[in-house]
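Residue numbers (the numbering used here): 22 to 540. Following: one structure in structure tokens, then a few remarks.
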């Protein structure tokens with residue numbers, strides 16, 4: 022008995038020793054040979070060695086954003102000084118480059134140069150590409166002149182680094198595997214739930230075409246529900262690949278406006294940032310916004326009869342029309358405001374005015390006291406219709422953050438992209454179901470214009486035409502009802518599939534984060 026146990030222990034020890042030798046040989050074969058003079062300083066060392074020798078954490082090929090900002094300020098002087106728009110674009114440039122940052126917050130010079138060239142082609146008028154390249158050329162000799170320490174890498178260090186990389190890869194693989202498993206079970210559960218939902222809604226005495234439409238409706242929205250659930254599970258199991266916004270940004274070099282034009286531009290940017298951050302903050306929930314008095318003031322302005330029309334035009338100018346989520350929110354908010362003001366509000370106003378005419382004893386007085394639409398308000402009404410069309414026109418040109426990936430099998434095919442006559446890329450999948458309401462908006466516009474032309478050609482008295490134009494505008498406002506479901510948070514996520522974006526205190530478009538507790 023003892024001899025058998027001893028033999029088993031010897032066999033297990035020999036197997037463990039053989040496995041360790043095999044792993045060691047595999048690691049050493051996978052590690053490329055390096056010379057002592059051309060050692061890669063950027064290769065991570067073990068944490069203990071890094072703590073003992075902090076000078077090795079200063080690689081010559083990396084540079085901090087503050088150093089680039091200082092060099093950029095030295096290059097762009099005088100007539101070539103950076104404007105506010107260029108400074109804001111540079112801040113967004115550093116935010117997009119955050120995933121490539123080193124643990125100490127520095128960036129590799131080749132990465133900065135490559136990203137700057139791509140950014141310059143993307144924003145040729147807003148991003149100072151030449152000044153950025155000159156600043157990098159100024160910093161490059163200084164960084165290369167730093168003495169690179171010569172060090173010998175021990176076998177233990179090589180093996181430790183390789184095992185650390187294998188552990189990181191294993192962790193990511195486990196997270197992806199867990200997400201795929203949960204996604205597979207969720208998809209099966211949702212399919213079963215959809216079938217039961219169809220059976221619970223349908224009745225045996227229901228017409229056949231109605232039962233078919235119920236099946237089509239459930240099958241139409243089921244992939245969109247899967248998208249949002251898969252996104253939530255991905256956030257739980259898969260590690261984030263990008264750093265949170267505005268956690269590590271270069272300090273803003275002090276810019277003091279000197280000329281009158283620069284002062285006006287600075288005041289405009291401060292006003293824009295104040296309005297957008299109080300209305301659409303990136304770090305506050307709707308419940309915290311309700312405690313903000315500025316939010317109430319700016320929201321109420323959009324509901325006023327005459328001021329609200331000009332206010333929405335101003336918001337369209339202030340908003341970032343390159344972002345998909347922000348443009349969708351503008352269309353939804355504007356159409357919802359039209360339903361509440363032009364639709365319900367005008368209906369109540371018309372009823373009250375007719376009651377006042379009846380209380381005065383004669384309906385003949387309606388030509389003076391009844392609801393009417395003046396020519397000035399008619400022009401504003403036409404401008405509102407045009408503003409909605411312009412917003413829908415901008416929607417295919419908007420940008421979608423790369424992290425907002427769609428996980429639905431229905432969306433795995435490449436999105437349809439076309440080009441206009443100027444070579445700009447058109448993305449017809451922008452806005453989700455909101456883009457489909459563009460056809461509905463066309464139908465309501467045709468109905469409104471047909472009624473307006475009929476009124477103008479058939480009636481002689483001015484007050485009658487103005488009264489009917491008032492009710493035509495009211496009908497147009499009531500027809501904005503289909504935009505209301507997009508205001509519901511959960512339904513909005515299912516129908517739009519956009520990456521939620523907001524504005525920071527400087528008016529920059531950044532990703533939405535969870536509300537930070539007030540201090």
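By construction, the Cβ of each residue, glycine as well, lies at the ideal position given by its N, Cα and C atoms.
Roughly how many angstroms separate the alpha carbons of residue 291 and residue 517, rounded to a whole number?
31 Å
Specify whether the segment 471–478 and the segment 343–354 touch according to this definition: at least 3 beta carbon pairs, one from each stretch, less than 8 Å apart.
no
Test item: CB-CB of residue 370 and residue 340 under 9 Å
no
Verify whether the separation of the beta carbon atoms of residue 409 and residue 352 is less than 9 Å.
yes
Under three-state DSSP, which class holds residue 274?
Model confidence at residue 274 stands at a pLDDT of 46, short of 50, so the residue's coordinates are unreliable and nothing is read from them.
Quick check: the Cα distance between residue 112 and residue 417, rounded to an integer number of angstroms?
25 Å
Taking the straight line between their C-alpha atoms, what separation do you get for residue 204 and residue 212?
12 Å
Three-way DSSP call (helix, strand, coil) for residue 371 in this model
helix
Have a look at 332, 306, 505, 458 and flag the residue whose alpha-carbon is nearest the alpha-carbon of residue 524.
306
By the DSSP assignment, the beta strand (DSSP E) with residue 421 in it spans what residues?
Unbroken run through residue 421: none, as it is neither H nor E.
For residue 500 versus residue 364, is the C-beta spacing smaller than 9 Å?
yes
Is the beta carbon of residue 527 closer than 9 Å to that of residue 109?
yes
Decide if the segment 308–320 is in contact with the segment 396–405; the criterion is three or more beta carbon pairs, one per stretch, under 8 Å apart.
no
Can the beta-carbon of residue 413 be found closer than 9 Å to that of residue 449?
no
Mind listing, in chain order, the continuous alpha helix (DSSP H) runs of no fewer than 4 residues lying wholly within the segment 329–398?
345–359, 367–380, 387–390
Contact belief for residue 246 with residue 515 at Cβ below 8 Å, rounded distance in angstroms
6 Å
Could you have a look at residue 430 and say whether DSSP puts it in helix, strand or coil?
Caution is warranted here: a pLDDT of 41 is assigned to residue 430, below 50, making its placement in the model unreliable, and the coordinate value is therefore given only provisionally. Three-state result, residue 430: helix.
Given residue 238 as reference, the closest of 216, 251, 226 once Cα atoms are compared
216
Going straight from the alpha carbon of residue 496 to that of residue 316, what length do you get?
29 Å
Using only CA atoms, which one of 145, 128, 144, 146 lies nearest to residue 157?
128
Start and end residues, beta strand (DSSP E) containing residue 523:
522–524
Enumerate in chain order the residues of its own chain whose CB-to-CB distance from residue 533 is below 6 Å, with the five nearest sequence positions on each side excluded.
303, 521, 523
What residue range is occupied by the uninterrupted alpha helix (DSSP H) comprising residue 300?
281–300
Determine whether the beta carbon atoms of residue 504 and residue 360 lie at a separation below 9 Å.
yes
Identity of the residue in 453, 494, 473 nearest residue 248 by Cα:
453
Extent of the continuous alpha helix (DSSP H) to which residue 496 belongs
483–499
State the beta-bridge partners of residue 128 as determined by DSSP.
84
If you measure between the beta carbons of residue 202 and residue 152, is that distance less than 9 Å?
no
Can you round the beta-carbon distance between residue 402 and residue 494 to whole angstroms, since I take them to be within the 8 Å contact cut?
5 Å
Drop a sphere of 10 angstroms on the beta-carbon of residue 329, count the other beta-carbons inside from all chains shown, and report buried for 16 or more, exposed for fewer.
buried
Considering only the alpha carbon of each residue, which of 121, 125, 146, 147 lies closest to residue 135?
121
Backbone secondary structure at residue 98 - three-state DSSP
coil
Please state whether DSSP places residue 530 in a helix, a strand or coil.
strand
Is residue 509 helix, strand or coil when you go by DSSP?
coil
Closest to residue 404 by C-alpha separation, out of 26, 379, 331, would be which residue?
331
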